[in-house]
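Report on the following structure.
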Amino acid sequence: MAEAAIELAGINKRFGAVHANRDIDLKIEAGTIHGIIGENGAGKSTLMSIIYGFYQADSGEIRVGGNSVQIQSSSDAIALGIGMVHQHFMLVHNFTVLENVILGAESAPLLGTSIARARSELERLEREYGLEVDPEAIVEELPVGLQQRVEILKALYRGADILILDEPTGVLTPSEADHLFRILRQLKDEGKTIVLITHKLREIMAVTDNVSVMRQGAMVATRKTAETAVEELAELMVGRRVLLRVEKGEAKPGGFLLSVHNLTVRDSRGVTMVDNVSFDVRAGEIVGIAGVAGNGQSELLETITGIRKAVSGSVTLDGEPVDLTGEADPADLRRRGMAHVPEDRHHMGLVLPFEEGENAMLGYHRQEKYLKGPFLDIEAIRADARDKIEKYDIRPTDCRLKTANFSGGNQQKIVLAREMEQDPKVLIVGQPTRGVDVGAIEFIHKRLIDMRDQGKAVLLVSVELDEIRSLSDRILVMFAGRIVGERGPEASEGELGLLMAGVEEKEAAE
Amino acid sequence: MEAFDTLIAVLDSTVRLSVPLLFAALAGLYSERSGVFDIGLEGKMLAGAFAAGAAAAVTGSAWAGLAAAVVVSVFFALAHGFASITHRGNQIVSGVAINFIAAGSTIILGQAWFSQGGRTPLLSAEGRFNALHLPFADAMRDIPIVGPIYSELLSGHSLLVYLAFLLVPFTWWALFRTRFGLRLRAVGENPAAVDTAGISVAWLRYRAVICTGVLTGLAGTYLALAQNAGFVKDMTAGRGFIALAALIFAKWKPVPVMFACLLFGFLDAFAIRIQGTPLPVIGRVPVQLMQALPYILTVVLLAGFIGRAIPPRAGGVPYVKER
Amino acid sequence: MSAPYAKLPAWADYGLIPLINLTVAFLVAGLVVLLVGENPFRAAAILIDGALGRGQGIAYTLYYATSFIFTGLAVAVAFHCSLFNIGGEGQAYVGGLGVALVALTFDQILPWWLTFPLAIIGAAVFGAAWAFIPAYLQAKRGSHIVITTIMFNFIAASLMIYLLVNVLKPATSQAPQTRTFLEGAHLPKLNWILEAVGLSVRSAPFNLTFLLALVAAFLVWVLIWRTKLGYEIRMRGHSPKAARYAGVSETRIIIVTMLVSGGLAGMMALNPIMGDQYRLHVDFVTGAGFVGIAVALMGRSHPAGIVPAAILFGMLYQGGAELAFEMPGISRDMIVIIQGLVIMFAGALEHMFRPSLQTLFASFSPRSVGAQPSEEGRA
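Protein chains in written order, with our numbering: chain S, 1 to 510; chain Y, 511 to 833; chain Z, 834 to 1212.
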């Protein structure tokens, strides 16, 4: 075995009730590219932030170059030769490249000498690694690929021997990503150690020497990349969860209730998040959108429901067009029969400081049954809330309790009860069981099937592949903003996993 | 010629009136550039003025007055830092509180210590920063044009006036040519970038608010020991807010801050000068309109009708490590 | 206003912590009294006696409290929408113009009970109008409402002085004020209420506006917790994202909230102008707009907290006057310090004692304290 650049032993980290890292052991060999792969929320970023001193582990040991070290802050990590390229760049947007590079690594109280030194050092790095970037350019005016290069330069300028990259290709085009990989290989040849965090199998196979798989906060396996295969990694990553049995009969699809045509959406940075997406959902069927989080599903949902603005394309709800200018009134869509269970329950689906009863009408609060003129009909609101509490078995049963005091599963039931009881035509559901206990999961799944059987069109987005597979009548896989494939519910986990990981369809078929 | 003399006189008082604004606006620049909003400039300036007046009255030394002003102002600045940096409190609320505490305590303590209705005793020449005469000021007085400009406009101000204007290039230099300035600007835009670069966000912001304290102390000293001969209750009279307006108007940049302060100082000097005499073309301009003009201009700027005033991106938001 | 802190029992949250904060504020104020060389306990005794000891004092206390209820409600309504309206001072000042215009127009032809409702409308409309521009700029152009409302305070002061000096001042008068209103714009005093319970009031400006303030407090409670509009205001205040999801227009809710807030601030003007001075004059607001910030923070933005907080500040103002008389070292400006300290400790340092209190509670019963279950934060 080669010498270890970093060794972790028994690392644990909790955030409140969440056990983000559990008993992590990891050895990263010096002079290699080591991939760490896992789904969103598997604990990869937390682990790397511990190595970089952004968080402190609750317990465990870190060894760098064979010596046990305490990393209390980022400056400790930098001193140990560790550099990190964060998923969200840690750049000052209105600074020049040079200023960003020297920030925190200035050689003297006056900038003049630091800047001169940095300029010649940047030239050297440019020569050695092909990391070209105009040192005088303002960072926010650079394309993301170059901004990332600035982050790498920052780390190298600080003399990093170990470079951690957190989801570096998330914002890159494929050709930019290829360029990045060339740079990483070159860095490796110079003797640097690279840790690459990603959820994309293709990248792991393309550049890494070793790969470790994380799942639900634990390190489940480490392999030599040459000795493993995409299928094995996909399985390790997704895990063989207990398949939840959902009793359901045949779907009896009716007319088209929701149609999406050539929809394209960009985020505030101008990055295309939804790329020319088209699909239909018919009455009486559940269409599931599978995909690793961050591949455009959230933006797709928010655009369909009128919250976010589209660049182009159209959406029709029961034959009538939906306003996609970003000025749409979600309340109007509700009246037209579109119900929406949002992904972000805590900030969008619920107002946590509100009483349960107040959340049970959120978005429908203009309906006459809740009002007496301009006044809230408190009795009616509470009666309605109690009714839903009983029907959906929400606990505790007190509708005057603050919503923040309900468990995740019960909070989700509050949202579901609200949206389902409106008897909508179309139900849009994002991550229905995220952070929900097992008992509630079963209940929620049953309800979704009921909705289907009542002839509603259900669009389900989930990062839980099991959930998609057990509920959907048709499965669409989303990757990098595009629908990359459609499968029936009988599709295997491995097949879907490959699509989700961005492996091209024809490759997957081989 | 008479018009020229009037112009020189107006410009001369423009300079005098803009100095406290300049100190205070530069003070705010340090804090706000580091991401800590400060609507408590008024209070810190007032506390500084009182401390200057009181210490100068007791010791008879202007320098002791200045030292006391800086110490007291920095204390208030640290209180703002304690609330908004350490305890991540609301920066606006904290600033409002500081204004009130300063307004009340200067009067109470002034009355208790000096029993002159909230004033501090009238200072003698030693207790003040007096006008400095530049070399040859008297000799050049009679040279046309250049003479009055040199001997009236440039000469004859207190040390603090020259200091205030020197602080403009100094602040520019500190902000854009030193390590401290680089980090200060960075922490106001993206504290996480500073944190991951291994620099303490809190300590950096504390140093920024200390700078603010020192400069508001100088602003107060100027009011009490140069413009006046002692502290008078409520003597800042909203200048802290005009300074804040100037800072926004100048988009948080040192040299434009100077011009904004000079503009607002000029409006003030002009309003005093015309006092109801009708102007050619426009006729009589109400003095109140002149007084309100700095605020009106700032609102217009904030509304984005003449350029856009974009504050430091992390301003007003306490830094919490994301998780 | 969500706080990233672990839970405490409700009584600690709503009772103990505010109490500790207030106590600390008053302790620090006591230190200032010590610094002045007076005995803080004697000062407190004089203050309380001056405010509540006699009928006269109580009447004045309630007169001051009346103004503070309005301005406190104004700040609180905006807080519920997570807007910080520092412009109460200016809105009240301009509200005074509305009152004066109504009074000057109708005092000769109408009895007070007809002038009063018109004056209420005048005050509210003018106050709301003054809040409208900052609200519009915040909603439409993203101009920071804190800064614009501060600027509007100063603009209001200049505007009102101009109007008083150049427009409203009778030609015969020297002072910048309107003519004195006739009987038709004099609000009845309420001192008889105090006299009815056996207290004696020589003459105090305690007037009908106090009852209007109580009604306003009740109506604000109804608005915030019992109407659709209030529900939407709170929704936007807690979570703009949820409001967007629920189809609440951000622009509309910001503007409407600020109109209500400005209207309430404007109504403060009724108290001194129609209840006491019977004329509009310079600087009649005397900081009441700012006291409103302290009152709202102390009353936790709830009318049931604001009314007692306003009365406490009324006591401080009235008792402070007595105190200044008895202890020449301490003028009424002591109140301004207390006001600042209350804002500091009940506002900016609101959470200072929370961590230690949590540790304390945890050591008694580990189960009562725990991080909120959260699954959203996983990186």
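Note that CB positions come from ideal geometry on N, CA and C, so glycine has one too.
The stretch 586-595 of chain Y makes contact with the stretch 544-553 of chain Y, as at least three CB pairs between them are under 8 Å. Per DSSP, Ile902 (chain Z) is one residue of the alpha helix (DSSP H) stretching across 888-913. Contact between Leu556 (chain Y) and Ala635 (chain Y) is absent: CB atoms are separated by about 24 Å, not below the 8 Å threshold. Here DSSP, grouped into helix, strand and coil, assigns Leu632 (chain Y) to coil. When S:Met205, S:Gly249, S:Leu163 are compared, the shortest CA-CA separation from Lys192 (chain S) is found for S:Leu163. Distance from the Cα of His261 (chain S) is smallest, within the candidate group S:Asn276, S:Gly270, S:Asp267, for S:Asn276. Here DSSP, grouped into helix, strand and coil, assigns Phe686 (chain Y) to helix.
Residue contact with chain S for Arg1133 (chain Z): absent (no Cβ-Cβ distance below 8 Å to any residue of chain S). For Leu1149 (chain Z), the enclosing alpha helix (DSSP H) stretches over residues 1136-1159. With respect to the 8 Å criterion, Cys399 (chain S) and Gly357 (chain S) are classified as neighbours on the basis of their beta carbons.
Selection S:Ala417, S:Leu26, S:Thr403 evaluated against Ile389 (chain S) yields S:Ala417 as nearest (Cα-Cα).
Residues of the same chain with a CB within less than 6 Å of the CB of Gly326 (chain S), apart from the 5 flanking positions on each side, are Lys309 in chain order. By the C-beta criterion, the stretch 551-566 of chain Y is judged not to be in contact with the stretch 808-823 of chain Y, since fewer than 3 inter-stretch pairs fall below 8 Å.
The beta carbon of Leu930 (chain Z) sits closer than 6 Å to the beta carbons of Phe959 from its chain, once the five residues preceding and following it are set aside; these are given in chain order. Among the CB atoms of chain S, one or more fall inside 8 Å of the CB of Gly1080 (chain Z). Any Cβ of chain Z closer than 8 Å to the Cβ of His365 (chain S) would place that residue at the interface, and such an atom is present.
The count of Cβ pairs closer than 8 Å, one atom from the stretch 597-610 of chain Y and one from the stretch 847-854 of chain Z, stays below three, leaving the stretches out of contact.
Contact annotation for Thr524 (chain Y) against chain Z: no contact, minimum CB-CB distance about 20 Å [criterion: below 9 Å]. Here DSSP, grouped into helix, strand and coil, assigns Glu379 (chain S) to helix.
In terms of beta-carbon proximity, Thr596 (chain Y) stays away from the interface with chain S, with every pair separated by 8 Å or more.
For Val92 (chain S), the C-beta contacts it makes with chain Y under 7 Å involve Ala696, Glu699, Asn700, Ala703, in order along the chain. A direct Cα-to-Cα measurement between Ile988 (chain Z) and Val932 (chain Z) gives close to 19 Å. Within the stretch 1050-1079 of chain Z, contact with chain S at the beta-carbon level (separation under 7 Å) is assigned to Arg1059, Thr1060, Lys1061, Leu1062, Tyr1064, Met1068, His1071, Ser1072, Lys1074, Ala1075, Arg1077, Tyr1078, Ala1079. At a cut-off of 8 Å between beta-carbon atoms, Leu692 (chain Y) makes contact with chain S. Short of 7 Å from the beta carbon of Gly628 (chain Y), and not among the five residues preceding or following it, lie these beta carbons of its own chain, in chain order: Ile617, Gly620, Gln621, Lys743. Taking CB atoms only, Ile709 (chain Y) has a neighbour in chain S less than 8 Å away. Residue pairing for Pro321 (chain S): DSSP places it in a beta bridge opposite S:Thr316. Taking CB atoms only, His199 (chain S) has no neighbour in chain Y less than 8 Å away. From the beta-carbon of Thr808 (chain Y), the residues of chain Z found nearer than 8 Å are Ile980, Met984. According to the DSSP assignment, Lys224 (chain S) belongs to no alpha helix (DSSP H) but to the beta strand (DSSP E) extending over 218-224. Under the Cβ criterion of 8 Å, Leu350 (chain S) is counted among the residues facing chain Z.
Annotation for Ala858 (chain Z): the continuous alpha helix (DSSP H) segment containing it runs 850-869. Annotation: Lys13 (chain S) is outside any alpha helix (DSSP H); the continuous beta strand (DSSP E) that includes it extends over 4-15. In summary, the residues of the stretch 75-105 of chain S whose CB is separated from some CB of chain Y by less than 9 Å are Ser75, Asp76, Ala77, Ile78, Ala79, Met84, His86, His88, Phe89, Met90, Leu91, Val92, His93, Asn94, Phe95, Glu99, Asn100, Ile102, Leu103, Gly104, Ala105, in the order they occur in the chain. Between Ala30 (chain S) and Tyr52 (chain S), the beta carbon gap of about 18 Å keeps them out of contact (Cβ cut-off 8 Å). Beta-bridge partners of Val767 (chain Y) (DSSP): none assigned.
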